[in-house]
Every structure is written in C-alpha cells, then in structure tokens.
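Engineer: So the mapping is simple: my numbering equals the position in the sequence shown, first residue as 1, plus 8.
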Amino acid sequence: MRAYNFCAGPAALPQAVLEQAQAELVDYQGKGLSVMEMSHRSNDYVAIAEQAEQDLRDLMQIPSNYKVLFLQGGASQQFAMIPMNLLRGKTSADYVNTGMWSDKAIKEAKKFCQVNVVASDEANNFKAVPAFESWQRNKDAAYLHYTPNETIHGVQFDFIPEVGDVPLVADYSSIILAEPLDVSKFGLIYAGAQKNIGPAGLVVVIVREDLLGQTLKGTPTMLDYKIHADNGSMYNTPSTYAWYLSGLVFKWLKQQGGLQKMAQINHRKAAKLYAAIDGSGGFYSNPVAIANRSIMNIPFVLANSSLDKTFLKEAEANQLLNLAGHRSVGGMRASIYNAVPEEGVDALVSFMQDFAKRNG
Ligand SMILES: *Cc1c(COP(=O)(O)O)cnc(C)c1O
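(1) Please report the residue range of the beta strand (DSSP E) in which GLY200 lies.
(2) Considering TYR154, what are the terminal residues of the beta strand (DSSP E) in which it resides?
(3) Does the Cβ-Cβ distance between CYS15 and SER254 come in under 8 Å?
(4) Please list, in chain order, all residues of the same chain as GLN202 whose beta carbon is under 7 Å from its beta carbon, the five residues on each side excluded.
(5) Using the Cα positions of TYR249 and TYR36, report the straight-line distance between them to the nearest angstrom.
(6) Going by other Cβ atoms of all chains shown within 10 Å of its Cβ, with 16 needed for buried, is PRO246 buried or exposed?
(7) By DSSP's criteria, VAL104 is part of a beta bridge. Which residues make up the other side?
(8) Can you tell me where the alpha helix (DSSP H) holding LEU67 begins and where it ends?
(9) Can you say whether ALA199 is buried or exposed, counting buried as having 16 or more other CB atoms within 10 angstroms of its CB?
(10) Could you give the distance in angstroms between the alpha-carbon of PRO91 and the alpha-carbon of THR106?
(11) Nearer than 7 Å: is that true of the beta carbon of GLN202 relative to any heavy atom of ligand 1?
(12) I believe ILE160 touches HIS334 by the beta-carbon criterion, under 8 Å. Please report the beta-carbon distance rounded to the nearest angstrom.
(13) Does the beta-carbon of THR155, which I'm using as the reference point, lie nearer than 7 Å to any heavy atom of ligand 1?
(14) Note down, in chain order, each residue of its chain lying with its Cβ closer than 7 Å to the Cβ of ALA24, except the 5 sequence neighbours on either side.
(15) Since PRO175 and TYR154 should fall inside the 8 Å C-beta cutoff, what is the C-beta to C-beta distance between them, to a whole number of angstroms?
(16) Which value, in whole angstroms, describes the spacing of the CA atoms of GLN69 and MET89?
(17) Comparing C-alpha positions only, which one of LEU210, SER84, SER128 sits nearest to PHE78?
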C-alpha cells in the first residue's frame, strides 16, 4: 500500500503516472528500449518532448508569443539567469520579499544589479503579503520579481501585481498548475519541477519572446534563455526522463479535468486542513494571515512542541509521511500538491483530530 506523502519537494507524484512509467520503463510502447535510453534527437523522443510542451500549453493556455523551456539547474539557477537575461541594459530590478525563497532570489540578483526591495514582510516573520499600495517601486526597474507561493512559510499571494510595462517575473515552483493562471500578465514564470510538476532535475521556464536576446555580456551559453529557446531546450542533452515524466503528469492533469477542476479540489483540500487546525482549540495553529494562507503548503505548530516528535512518529506509523516543517522554521508542514489525493488530506485530518484528543 502506498503511503500519503506530504513532502514539500521532491513531492508526491500521481500513482497512475508512476504505474504508466513502470509499464513503459523497460520497453517504451514497443520501441524496444526505455525512454531513458533514447537519443534526445530521435523522432520518438522529440515526439515525447513536443507532446509534453503542447499539453502544458493547453493546460495553462500559454499564448503563442511565449517560449516554454525545459531546463536544468533547478529553480535556484533561475535566481541568476533572470537578471543575466532580463536586465537588458538596465541596472536595477524590483523584488518583493515574502519569505526564504524571495530572499534567496534577492541575494543572487544582488550579484548582477541594484536590487530594490519594494516591500518586505521579514519584520513580521513572513506571515502576510505586504499590501500592494505600500510597495515602493522603482520606475526604471528592469522587471519585478516575486514569489506567488512561499513554500516554507506557507504564504500565498491573493493578487497578481499590476506593474504596467515592467515585466512581471514569478517563481511559481510550488504553485504552478494548482489553479488557472493568466500567463499573459507575466514576462517570465519559472518553476522547479519537483513540487507540482514531476521529478527533480527539471525547471520549466515560460518566457515572453520579446524579452530574449539581450543577455548580459559574459553570460555563459548555458545560462542564455535565447540559446535554449532557439534549440527547443536541446542545445545540450536535456533531462530527458524527467521531461517525459512531467509530460505524463500533464496528461494526467488533463484527464482530471484541467486546472479549473484541480483548483476546486485544491481549495477543498486546503479548507479541510485549515478547518482542522483552526478548530483544534489551539492545539494546532497556523500563523499566516487568512487572505494569504497557501493552498499548497500548510505549516502548523503544536502548542506543546514537546509533542512534535511523537506526532511525527505516529503520523508515519499511520502512513502519513514527511510532515516535519522546514529546518529553518520547525513545527509541521503538510504540502498538499495536485498529486496528494483528497483522501490523503482526510486521513491527515482524522489523525490530527485523534492525536489532539489523546494528547490535549
Ligand atoms: C523549492 C523551491 C525553490 C528551489 O528549487 P530548486 O529546484 O531546489 O532549486 C525555489 N523557489 C521556490 C518557491 C521553491 O519552492
């Protein structure tokens, strides 16, 4: 029996996808070899790669003037690639600081340009998104970067910033494909695959074409979006198997009814978990402002933290895995991505209620 996996990343994958990958592992559709053993230039593999891109385009309704890139180096490499590619002769960029991932993006960008932190919730320990009206934006910013969902703090934006002509750049790693999204509002969207897309080893970048081709002098070939765009993400050998598996996940999402349907399920799952936390009479709590509570990553603490170890041990014995919070914040965290079934959340809620009853 498979356990329910609440890991923040690498995270749960749909069981149906794993079973299909298993069935095709040794001999892909009668071709006599595994996808892992195929040349990335072969017709069979190119068809797999193109189908994956098309399915992602369909799911997210990505406009045709956007390139979809399947790259390596994780979301973290994007922290450098973004300024290298998007400064385009400018010397400063705007960043919003809503948690640890924003902070890492800011630190990396400082190597390349003047970073203007338009707003930060750090003094408040990252519990809310600073009100848009309070942002101190720079009119000459090359772009504005923000993190729509802070995976560690469980803080989610409840709006898409309206920044006019300034390209909007967003780290969607932990919330891409969770809900429908108007891609046309963005200059660039990126997401490490290991949260809500597929296996680790891949980062998906969706970038507006007109932003390409003005790379910072000295940018390595491999860090130039234009090179990857011009070569169909096959300038060098891509992460072929992760790309294939991500394609299976895109197909699975289509079969589930697409992002509208996933959003309904995701909101229902999150509501159940927050209700369990808020209804525990203080046994469990979540510090995030209601409007900014993440539907994907739900951190919570036990009022009596001496019970943490027992909670985790008993959860594991009940097939509820990876509920420990990030090492930087402690407590618990349940990541309930698309691939975590609603029954998994129901099982977690039952366990939490029972645990509170026995230990309250
Ligand atoms: C996990 C995560 C990252 C880092 O991803 P890597 O692929 O490990 O580099 C960056 N941003 C966010 C929001 C994340 O959740």
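We treat Cβ as the ideally placed atom computed from N, Cα and C, and that holds for glycine.
Structural biologist: Concretely, from the data shown:
(1) Mapped onto the sequence shown, residue 200 falls at position 192. Looking at the DSSP string, the run of the beta strand (DSSP E) that includes GLY200 is 196-200.
(2) Residue 154 sits at position 146 when you count from the first residue of the sequence shown. Element bounds for TYR154: 152-154.
(3) In the sequence shown, residue 15 corresponds to position 7, counting from 1. In the sequence shown, residue 254 corresponds to position 246, counting from 1. No. Outside cutoff.
(4) Here residue 202 refers to the residue found at position 194 of the sequence shown. Contacts found: GLY17, PRO18, ALA19, ALA208.
(5) Taking the first residue of the sequence shown as 1, we reach residue 249 at position 241. Taking the first residue of the sequence shown as 1, we reach residue 36 at position 28. Those two C-alpha atoms are separated by around 12 Å.
(6) Here residue 246 is taken as the residue at index 238 of the sequence shown, counted from 1. When all chains shown are included, PRO246 counts as buried.
(7) Position 96 of the sequence shown holds residue 104. Bridge partners of VAL104: ALA127.
(8) By 1-based counting over the sequence shown, the position of residue 67 is 59. Start and end: 51-68.
(9) Residue mapping note: residue 199 aligns to position 191 of the sequence shown, counting from 1. The residue in question, ALA199, is buried, as its Cβ has 16 or more Cβ neighbours within 10 Å.
(10) Looking up residue 91 in the sequence shown gives position 83. Looking up residue 106 in the sequence shown gives position 98. Spanning the two alpha carbons is a distance of roughly 19 Å.
(11) By 1-based counting over the sequence shown, the position of residue 202 is 194. Yes, the Cβ of GLN202 comes within 7 Å of a heavy atom of ligand 1.
(12) The residue you call residue 160 lines up with position 152 of the sequence shown. The residue you call residue 334 lines up with position 326 of the sequence shown. The Cβ separation is near 4 Å, so the contact holds.
(13) Counting from one through the sequence shown, the residue named residue 155 turns up at place 147. The answer is yes for THR155.
(14) Translated into the one-based positions of the sequence shown, residue 24 becomes position 16. Counting only Cβ-Cβ distances below 7 Å, and skipping sequence neighbours, we find TRP260.
(15) On the sequence shown, position 167 is the one that residue 175 refers to. On the sequence shown, position 146 is the one that residue 154 refers to. With a Cβ gap of about 12 Å, PRO175 and TYR154 do not count as contacting.
(16) For this step, residue 69 is matched to residue 61 along the sequence shown. For this step, residue 89 is matched to residue 81 along the sequence shown. Each residue's Cα considered, the two are about 25 Å apart.
(17) Within the sequence shown, the letter at position 70 stands for residue 78. Considering only alpha carbons, the answer is LEU210.
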